[in-house]
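The structure appears right after this line, and notes come after that.
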Amino acid sequence: ETGVTQTPRHLVMGMTNKKSLKCEQHLGHNAMYWYKQSAKKPLELMFVYSLEERVENNSVPSRFSPECPNSSHLFLHLHTLQPEDSALYLCASSLGQGRNTIYFGEGSWLTVV
Amino acid sequence: GQNIDQPTEMTATEGAIVQINCTYQTSGFNGLFWYQQHAGEAPTFLSYNVLDGLEEKGRFSSFLSRSKGYSYLLLKELQMKDSASYLCAVRDINQGGKLIFGQGTELSVKP
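Order-wise, the sequence lines are chains A and B.
The opening residue of the first sequence carries number 1 in this note's numbering; numbering runs sequentially from there.
The opening residue of the second sequence carries number 1001 in this note's numbering; numbering runs sequentially from there.
Below, the structure is given as structure tokens:
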């Protein structure tokens, strides 16, 4: 138990579907992150939220849409994805953006068919 | 730009010692992290170095040389459960403190 919970753990979706990934942190942190982990590639930072405000968007396609309603919850809305978007999506949180250790959730395995 | 290199795979024997190296190039170094990730699980924090030298934490130690852009993670008395991917990550203050990750080293511990 890392204090960062992600649901669903596994998701299979068609290219025309709309789905969402959910993340909740119980650590009292105020910064949250979405990372993409593909096989044999480094973790890629997608989005950063600090105090519920998006502070970074690393040239991520618009078919990925994040939402941070409060400092404990983070969503990643998915629509019209491509097969190459199949990957492990990791949520993380930290106390202070750009400072301190970040803690990861167990990830959501996404397969786009 | 930023570049982090670590070996893709390593194999070691139960009870032995293994050293996983990480070299980096970054314009605004502000700390180096090691994470352990078992298959299908979350990366978990192992160690943090920001000053030169060795940080010891039980069977795991991490070393940093900022002048050489070099770190290693040392695992002693290896156990089968240490089989995992080990991720090196560097914090870059010139990128808002973002963590830049290496591709990870897949360690297999054999009996």
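For glycine and all other residues, C-beta sits at the position ideal for the given N, C-alpha and C.
Notebook entry, point to check: If we count Cβ pairs, one from each stretch, closer than 8 Å, do we get three or more for the region 1022–1034 of chain B versus the region 1065–1073 of chain B?
Noted result: yes
Check: With 16 as the cutoff for other CB atoms within 10 Å, does B:SER1108 come out buried or exposed?
Finding: exposed
Notebook entry, point to check: Along chain B, in chain order, which residues have C-beta atoms closer than 7 Å to that of A:PHE104?
Noted result: ALA1042, PRO1043
Notebook entry, point to check: Can the beta-carbon of A:PRO83 be found less than 9 Å from the beta-carbon of A:LEU74?
Noted result: no
Check: With distances taken between CB atoms, is the gap from B:ILE1017 to B:LEU1054 smaller than 9 Å?
Finding: no
Next item on the list: Please look up how many angstroms separate the CB atoms of A:LEU81 and A:MET15, rounded, as I've assumed it's under 8 Å.
Entry: 6 Å
Note to self: Within 9 Å of any Cβ in chain B, is that where the Cβ of A:THR2 sits?
What the structure shows: yes
Notebook entry, point to check: Shorter than 9 Å from the beta carbon of B:ILE1100 to some beta carbon of chain A?
Noted result: yes
Next item on the list: Compute the beta-carbon to beta-carbon distance between A:CYS91 and A:GLN6, rounded to the nearest angstrom, for a pair I have assumed lies under 8 Å.
Entry: 5 Å
Next item on the list: Could you pull out every residue in the same chain whose Cβ sits closer than 6 Å to the Cβ of A:HIS29, ignoring the five residues on either side in sequence?
Entry: If we look at A:HIS29 and ignore the five residues flanking it on each side, its Cβ neighbours are SER93, SER94, LEU95.
Next item on the list: In angstroms with no decimal places, state the Cα-to-Cα distance between B:SER1061 and A:GLU53.
Entry: Between B:SER1061 and A:GLU53, the C-alpha separation is close to 36 Å.
Checklist line | Interface positions of the region 1019–1034 of chain B facing chain A (Cβ-Cβ less than 9 Å), listed along the chain | finding: ASN1030, PHE1033
Note to self: Taking 9 Å as the threshold (beta carbon to beta carbon), is A:LYS41 in contact with chain B?
What the structure shows: yes
Notebook entry, point to check: For A:TYR103, which residues of its own chain have a beta-carbon under 8 Å away from its beta-carbon, when the five flanking residues on both sides are left out?
Noted result: Cβ-Cβ distances below 8 Å link A:TYR103 to THR2, GLY3, VAL4, GLN25, LEU27, HIS29, ALA92, SER93, SER94 in the same chain, with the five nearest sequence neighbours on each side left out; the list follows chain order.
Margin query: I'd like to know if A:GLU56 contacts chain B, where contact means its C-beta is closer than 9 Å to some C-beta of that chain.
Written below: Interface residue, yes.
Check: Taking Cβ positions, are B:LEU1064 and B:ILE1020 nearer each other than 9 Å?
Finding: no
Check: If we ignore side chains and look at the alpha-carbon of each, how far apart do B:LYS1098 and B:LEU1073 end up?
Finding: Here the alpha carbons of B:LEU1073 and B:LYS1098 stand approximately 21 Å from one another.
Checklist line | For B:ASN1094, three-class secondary structure by DSSP | finding: Helix.
Next item on the list: Identify each residue in the region 27–51 of chain A for which the Cβ-Cβ distance to at least one residue of chain B is less than 7 Å, and report them in chain order.
Entry: For the region 27–51 of chain A, the set of positions with a beta-carbon nearer than 7 Å to some beta-carbon of chain B reads LYS40, LYS41, PRO42, LEU43, LEU45 in chain order.
Checklist line | Beta-bridge pairing of B:MET1010 - partner residues as DSSP gives them | finding: B:LEU1107
Notebook entry, point to check: For B:MET1080, which three-state DSSP category applies?
Noted result: helix
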